[in-house]
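Residue numbers (the numbering used here), protein chains in the order written: chain S, 570 to 886; chain Y, 1443 to 1747.
So the structure is just underneath, and the comments pick up after that.
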Amino acid sequence: MASVDTTTNAGQLLAAASGGRRRLGDRVFSRTAVLAAVTILALLAGVAIFLLSEGYPALTAAASELPEGKTFLDYVAPLAFGTVLAAALAALIAVPLAVAAALFITHVAPPRMALTLGYLVDLLAAIPSIIYGLWGIFVLGPKMVPVMKWLEAKLGFIPFFDGPASVTGRTMLVAGLVLAVMILPIVSAVAREAFAQTPRRLREGAQALGATRWETIRMTVLPFGRSSVISGAMLGLGRALGETMAVTIILSVSGAVTFNLISQANPSTIAANIALDFPESSGLAINALIATGLVLFAITLITNMGARWIIARQEGE
Amino acid sequence: MESSVQSLGQSAPSRLLAGGLGTRRRIVNIVMTALIAGAFVLAMLPLFSLVFEVAKRGIPGLSADFFTTDARGAVGGAGGASHAIMGTLIITGVATVISVPIGIMAAIYLNEYGAGRLRRALTFFVDVMTGIPSIVAGLFAYALFEIFFGPGIRLGVMGSVALSLLVIPIVIRSAEEVLKIVPDHLREASYALGTPKWKTITKIVLPTAFAGLVTGVMIAIARIVGETAPLLVTTGVVDSMNTDPFNGRMQNLAVYAYNEYRSPGVMKQAAYDKAWAAALTLIAIVMILNVAARLVYRRYKTEIR
């Protein structure tokens, strides 16, 4: 970094020493760059300001004027519950798989295949969410119906599998599974990067002591990548919280607040609720939906900032 | 962790001397390796299922009509998606025009000029921006335009604004990475010749980074071309061709697929076929963009020695 700074200064000195027209060009160009930077900050401030100003009327409105005749808090609470439940379920499923996939690519598969395999995992991130939604409702959902029946019969005593099992597959479990597939590449990419950077001396040290491949992974790779896995998991969680279309298509919603993952009656999520209701809403209902969007924005912001904070702290070490 | 290191440290050498691994350790190793490989295969199953199903279910809906006619007044499963394809191209195109200059200039700021508080703030908030849920970006665009045009407003350009918000951070991140690997000795050589900084950037740094910048932009565009949620609340749903992003509703492929699924009408299967055909077209666009991006990079990248 220091070398960059000195060359920059030298360049500026030379430029400054050589005539007004050049200096004008430099001024215009550097101001344009600064302008772009400021525009982006302004844009982000704009997001908060416009959502606040358009959402505010719903925050102060009486219950009778709002959709479903509830106060805003009563309106948003079940949605927030559904959002967190779906995202947590997705993260719970995706994180172990993503970590294993990252381990496979970096430490199990032959090194010359690593690039191709990594590219395959990244392809999952390239597929539009609408397609995940269609796949979830037409392909995965029907396949999961017998599985959910089995869960109800054998594990029905656990509240998650209380049933009655849905016959259409439009359940929280299926939505969580599809969300898990969608966030897997995000978690896996972060984990992969960390695992690949495990210091050679640690790995070789373990191997020299006679450790097997799994022991090497368990004692050097996993501890080394632990905080990256946590931050990757939180980034994935953030993505799952805001994911809209897959949930909108798959979940049959009833507004119920329940931990039952396999029944027909599910809580909606904030994002899905906006997608379902916004096109047909008007007046204060629009303001209420925008206000729920603000709540979603806040939840994802906190999650993502937590993840970035963990990454930053780790880089500082 | 420490205890396991210790136990290994004590036991492994003696076992090695004794002539090999203990049975239990060997079995654990095999089981865990198999589990890791199995988890990878399990994680990849959805990808193959998805590509296979989209191809299988998408092909029946593909026809000349699908690409050449719109859906105005279409009944009985007739009508195509030309308006949606055109809308996708226009909305994404306008988003590209908005976001690429801002994104690249911001990356230039971060890499060539940035210092102090503004640089730190921008780095932090670009990270924040990557985490904005796409539906929130749509709501922002709606709230922004509603103030000027009144409630219920739907325009193609609103969708472009929402998509820009999503794609700008991706463009900045990739452009920053590419600019970072342009070696400093190129800049120094240019300064040594008395070239001003802005000319060094435009004539030396950007041309050197060109292939990487184009590749990054194409991959970023591929990430937003299939966005549904932000367009659902900004560009609306419409059956006929509209090529003016500043006037009236504009259909796009993702919302088209969602709508065919959600309101199939009487000819249910025909509508579902069209939804899958739109999905297949979208995947094709995404894949073409990704492959083309890689080809561009391979063909035009600057060899730096």
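A virtual CB, placed ideally from N, CA and C, is assigned to each residue, including glycine.
Note that the structure is a prediction, hence the values are computed from the model and not measured.
- Going by DSSP, Met814(S) is part of the alpha helix (DSSP H) stretching over Met814 to Ile819.
- Residues of the stretch 1462-1476 of chain Y with a C-beta less than 9 angstroms from any C-beta of chain S: Leu1463, Arg1467, Arg1468, Val1470, Asn1471, Ile1472, Val1473, Met1474 and Thr1475, listed in chain order.
- Of the candidates Ile1478(Y), Phe1567(Y), Gly1518(Y) and Val1496(Y), Gly1518(Y) places its Cα closest to the Cα of Met1709(Y).
- As a beta-bridge residue in DSSP terms, Asn835(S) pairs with Val822(S).
- One Cα belongs to Val603(S), the other to Val1483(Y), and the distance between them is close to 47 angstroms.
- With respect to the 8 angstroms criterion, Asp846(S) and Leu858(S) are classified as neighbours on the basis of their beta carbons.
- Here Lys639(S) carries a coil assignment [DSSP, helix/strand/coil].
- By the 16-neighbour rule on beta-carbons within 10 angstroms, Met1600(Y) is buried.
- One thing to note: Leu1722(Y) has its Cβ within 8 angstroms of the Cβ of Val1496(Y).
- Remark: C-beta atoms of Val1679(Y) and Asn1701(Y) approach each other more closely than 8 angstroms.
- Between the C-alpha atoms of Val616(S) and Pro733(S) there is a straight-line separation of about 42 angstroms.
- Taking a Cβ-Cβ cut-off of 7 angstroms, Pro1625(Y) has no neighbours in chain S, whose nearest Cβ is about 11 angstroms from it.
- Buried is the label assigned to Asp1715(Y), since at least 16 other Cβ atoms lie within 10 Å of its Cβ.
- Close to Arg877(S), with beta-carbon spacing below 7 angstroms, are these residues of chain Y in chain order: Asp1569.
- Taking a contact to require three or more Cβ pairs closer than 8 angstroms, the stretch 1546-1561 of chain Y and the stretch 1613-1621 of chain Y qualify as touching.
- Leu620(S) is positioned such that its CB atom lies closer than 8 angstroms to that of Phe1582(Y).
- Taking the Cα of Val1578(Y) as reference, the smallest distance to any Cα among Leu1607(Y), Gln1693(Y) and Ala1516(Y) is reached at Leu1607(Y).
- Chain-ordered, the chain Y residues with CB closer than 7 angstroms to the CB of Leu610(S) read Ala1563, Leu1564 and Phe1567.
- Under a criterion of Cβ atoms nearer than 9 angstroms, the residues of chain S adjacent to Leu1560(Y) are, in order, Val603, Ala606, Val607 and Leu610.
- The residue from Ala765(S), Ser757(S) and Val826(S) with its alpha-carbon nearest to that of Ala802(S) is Ser757(S).
- Apart from sequence neighbours up to five positions away, the residues of its chain that approach Val747(S) with a beta-carbon distance below 7 angstroms are Tyr701, Gly705, Leu709, Ala815 and Ile819, ordered along the chain.
- Runs of the alpha helix (DSSP H) lying entirely within the stretch 1609-1696 of chain Y, each at least 4 residues long, are 1626-1634, 1648-1666 and 1671-1674 in chain order.
- Closer than 8 angstroms to the CB of Met814(S) there is at least one CB belonging to chain Y.
- Ser1524(Y) sits in a helix when the DSSP states are folded into three classes.
- With respect to chain Y, the C-beta atom of Val790(S) has no partner C-beta closer than 8 angstroms.
- For Arg770(S), the closest Cβ of chain Y is not nearer than 8 angstroms.
- Taken atom to atom, the span from the alpha-carbon of Glu812(S) to that of Pro1575(Y) is near 7 angstroms.
- Between Ile727(S) and Asp1686(Y), the alpha-carbon positions lie close to 55 angstroms from each other.
- Interface criterion met: the Cβ of Ile696(S) is under 8 angstroms from a Cβ in chain Y.
- DSSP places Asn829(S) in the coil class of the three-state scheme, outside both helix and strand.
- Judged by DSSP secondary structure, Met1474(Y) falls within the alpha helix (DSSP H) whose first and last residues are Thr1465 to Gly1500.
- The alpha helix (DSSP H) runs of length 4 or more contained entirely in the stretch 684-759 of chain S are, from start to end of the chain, 698-704 and 710-724.
- Contact annotation: Ala760(S) and Ala671(S) have beta-carbon atoms nearer than 8 angstroms.
- Put simply, the CB of Glu1669(Y) is near chain S, with a gap under 8 angstroms to one of its CB atoms.
- Look at the beta carbons and you see the stretch 1666-1675 of chain Y touching the stretch 1689-1697 of chain Y: at least three pairs across the two are nearer than 8 angstroms.
- In the three-state scheme derived from DSSP, where H, G and I count as helix and E and B as strand, Thr1511(Y) is classed as coil.
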